[in-house]
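Data block below; observations after.
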Amino acid sequence: MERDPTPDVPLLAGMAGLDAGRSQTSHQNRRALLLTRETDTAEFEALAATLGINIVETIFQRGKPAPRVHLGRGKIEEIAEQMGMRNEGHPWHGIDLILVHHNALPRQLVNLDDALGMEVWDRVRLLLELFTQHAASVEARVQVRIARLLADRSILRELVHRETMGERLGYGAGGRTGWRSVMEATQFEIARLRRRQKKFSRSLAERRRQRARSGALSVGVSGYTNAGKSLLFSALTGKPVLIQDQVFSTLETTVGRMEKSPRVLLVDTIGFIDRIPADLLDAFSATLREALTCDLLLLLVDASDTPNELRRKLATSRRELFERMEDEVGPQTLILLTKADLCDEEDLRKAVSAVEEVGLLKPLIVSAHTGAGLEELRAAILTALHGPPLTLTLSSGEEPLAALIARVHREAMVIDVMTRKDKTEIRGWIDEASAARLEKEHPEQVEINS
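Structural data, given as structure tokens:
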């Protein structure tokens, strides 16, 4: 039995600040100040809004990030002065969180915390909070815990360095020393959780092997966060899943059988987001592998985005997917434009053009909300997996014809049925294993043609 490595130290994985007294588990209605060097902060603000954080003011400064504090030193001093004056009449009254629209360096976070005297989150720490809120299963929580500890480790290294050099610690350290022992405990916990994650990965791999042995084919549902993956998954499988119009509502893998299909399994997994560090996404490697090892990949893109946003999100999703593929070729991929119900014809034309401009085939257009395009999508999925539909001619004989017809309906996606006296012709898609069994068990009654 493994010992509990956690020391009597207020270490909170992934939180911006190591002082437990300053941390919160709920962030609803928290007031924050946003620091940025970029004009487009819409996605970052949406991430904050998902957690219920109110951004009171955005402070923008042009130029390259400062090595020590991201914004210029003079600007940080101005902010610190205003923070000291935030009484009830001050616009910044109630602010207890600083948000940095950037993947900040550990020393920048430590220096900002030291200069402003309050909790500081960069883009990574904001994402970690979202992951924590949405991790529903035990394994998802393990993955998030690893990601948070990895983020903590980078801060701890900076604190250990400062402690070694005799510098002021900052970042909520409160004069505490002995951070090297905390670092060692963190390393121990990361190693312990990674061992558990390996067991989880082996379990997922065994499930994939079992599905393959059964003859079932799998389809990965992937794309940028909030592209409509879970809603499409539910529409195709009839399986209720958590569906929310917000980012990262899905962190773990969900598997369900596609309705009206011959043993096709859909695999819904975590979405992507721009500028997420590789080591953070690596914490979800087991979950991502479920989509990457499928027989077919659906890459979803939100058609209601502007063409520039669509291209950016598509590029991010493709990069994150294909950089993690063990096979250079990867599975066949279908591009889907989702949320068509939110678009007019001109919007859809621009979205299709944006996809084709990057050298991809013409996408399929669907709306999981209204059902538009779903039957065409089913047909495209089955054609990609099984080839063109087949014609099964069933004849009367030892096995009741009605029983054979019912079996085909269970094991195939039927397009049409034609009945003639003692024969029935069924056209549709059926997997090779099921077709072979039918012919072998009833050679006098079943004839299959392309």
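Residue numbers (our numbering): 20 to 469. Note that the Cβ used here is the ideal one computed from N, Cα and C, for glycine as well.
In this structure, the alpha-carbon of D133 lies about 13 Å from that of R92.
Rounded to whole angstroms, the separation of the alpha carbons of I78 and T60 is 11 Å.
Going by DSSP, F79 is part of the beta strand (DSSP E) stretching over 73 to 79.
In its chain, beyond the 5 residues on either side, G416 have a beta carbon closer than 6 Å to the beta carbon of E463. A residue is called buried when at least 16 other Cβ atoms come within 10 angstroms of its Cβ; A67 meets this threshold and is buried. In chain order, K279, S280, P281, R397, L401, G447, W448 place their CB closer than 7 Å to the CB of M432, counting only its own chain and leaving out the 5 sequence neighbours on each side. Counting other Cβ atoms within 10 Å of its Cβ, M277 reaches 16 or more and is therefore classed as buried.
Taken through DSSP and simplified to helix, strand or coil, F291 comes out as strand. At the C-beta level, V88 and I95 come within 7 Å of one another. Across the set K217, T55, D287, the C-alpha of T55 shows the shortest separation from the C-alpha of P84. DSSP places A452 inside the alpha helix (DSSP H), whose first and last residues are 451 to 460. Taking 7 Å as the cut-off, the Cβ atoms of L319 and M344 do not count as close.
Shown here, D171 sits in a helix according to DSSP, grouped into three states. Residues of the same chain with a CB within less than 8 Å of the CB of L212, apart from the 5 flanking positions on each side, are V161, R164, I165, L168 in chain order. Linking E466 to G257 through their CA atoms gives a straight-line distance of about 32 Å. Annotated three-state conformation of W140 is strand, per DSSP. When DSSP reads this structure, L411 sits in a beta bridge with I445, I467. Inter-residue distance for R49 and Q206 is about 32 Å (C-alpha atoms, whole angstroms).
Boundaries of the alpha helix (DSSP H) around R338: 326 to 341. The criterion of a C-beta distance shorter than 7 Å is not satisfied by L284 and S323.
By the criterion of a C-beta distance shorter than 7 Å, A246 is surrounded in its chain by G290, L319, V320, D321, T357, once the five residues flanking it on both sides are discounted. K217 and N122 have their alpha carbons spaced roughly 28 Å apart. Inclusion of D287 and V238 in the CB contact set at 7 Å is not warranted, their separation being larger than that value. In the structure shown, L401 adopts helical secondary structure according to DSSP, grouped into three states. Per the coordinates, the alpha-carbon of L380 lies some 28 Å from the alpha-carbon of A231. DSSP places L70 in the coil class of the three-state scheme, outside both helix and strand. Cβ contact annotation for T410 (same chain, cutoff 8 Å, sequence separation greater than five): E444, I445, R446, I467, N468, S469, in chain order. Annotation for G392: A359, L383, I384, V385, S386 place their beta carbon closer than 7 Å to its own, counting only its chain and skipping 5 residues before and after. In the three-state reduction of the DSSP assignment, L90 falls in the coil class. Collapsing the DSSP output to three states places A51 in a strand.
About 7 Å separates the CB atoms of L128 and I174; that is less than 8 Å, so the two are in contact. Beta bridge pairing from DSSP links L116 with A51, E138. DSSP places A61 in the helix class (H, G or I) of the three-state scheme.
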